[in-house]
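Novice: Residue numbers (my numbering): 380 to 666. Cβ coordinates follow ideal geometry from the N, Cα and C atoms, glycine included.
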């Protein structure tokens, strides 16, 4: 039995791949091949680029904050340790570099606050604090307590206070630190309160607002630290400062002995009118 020519031909033509489409139909669009992805760089090269970018960030912070080269070099070492401990993955390079510099400045005892570093870099204070705490925990770092006396000079320079006020503030902090008043306190706020207390003891009028602005703290912080510091100074019995003798403290001049001549005195003259009249009469007689 012979098959139908038309039916078999249609099946063959329609079933073969690559056969011409019937008239009136459009060929379906070909699928575009996805772009080839670049192979990720080796881990060593990526970490080296990360460190180079961190060096650029540290150099910019050094110029903005006028930091010493020794502190910046220590910050580079801390960042290298962070790379070795795999702390840089998924974290901002700017935040890690800023936290490394803050840790190095704390170790060196420099009076640089977290706010100063945050204002000099392009990141938030929250990110810097998070990276800083991570470094302390993972790198097993022990930071010394910042001495509040180191911050006195910086605040006094910004507020324009005298050298006598600085000496008095440092003395008050040294005496009060024996009782543990500085434990857990912000050194900048404690130094600002000591400067304000020194101004009151030396009778130099300075506002809390000016000192708070110079120390980058609030007036409420100064008032709270001032009360605790004043009570501690009174409890320890710290003597008040010695005042310099001024014109008002000079003793009065001694009085002249003897009786003043009789007669009415003219203002500003020590010669009496009666004495002058007697001399004129003697001159008229020819004596």
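1. Between the Cα of residue 499 and the Cα atoms of 444, 449, 560 and 609, which residue gives the shortest distance?
2. Taking DSSP as the reference, what is the three-state secondary structure of residue 453?
3. My assumption, with CB atoms under 8 angstroms, is that residue 454 sits in contact with residue 480. Please give the rounded CB distance.
4. Could you tell me whether the stretch 545-552 touches the stretch 518-535, where touching means 3 or more Cβ pairs closer than 8 angstroms?
5. Pairing CB atoms from the stretch 462-473 with CB atoms from the stretch 562-570, are three or more of them under 8 angstroms?
6. How many Å lie between residue 669 and residue 476 at the Cα?
7. Thinking C-beta only, is residue 540 closer than 8 angstroms to residue 576?
8. The alpha helix (DSSP H) spanning residue 579 covers which residue range?
9. I need the DSSP call for residue 531, collapsed to helix, strand or coil.
10. Which class does residue 619 belong to by DSSP, given the choice of helix, strand or coil?
11. Since residue 484 is in the alpha helix (DSSP H), which residue starts that stretch and which ends it?
12. Can you tell me whether residue 449 is buried or exposed? The criterion is at least 16 other CB atoms within 10 Å of its CB, across all chains shown.
13. Suppose contacts are defined by Cβ-Cβ distances below 8 angstroms. Is residue 502 in contact with residue 473 by that definition?
14. In chain order, what residues of the same chain have a beta carbon less than 7 angstroms from the beta carbon of residue 478, not counting five sequence neighbours either side?
15. Whole angstroms are fine: how far does the CA of residue 586 sit from the CA of residue 578?
16. Please state the DSSP three-state secondary structure of residue 445.
17. Do residue 441 and residue 451 have their C-beta atoms within less than 8 angstroms of each other?
18. Buried or exposed for residue 497, going by 16 or more other Cβ atoms inside 10 Å?
Specialist: The structure says:
1. 444
2. helix
3. 4 angstroms
4. yes
5. no
6. Nothing about residue 669 can be read from this structure; the chain reaches only from 380 to 666.
7. no
8. 566-580
9. helix
10. coil
11. 472-487
12. exposed
13. yes
14. 507, 510, 511 and 514
15. 9 angstroms
16. coil
17. yes
18. buried
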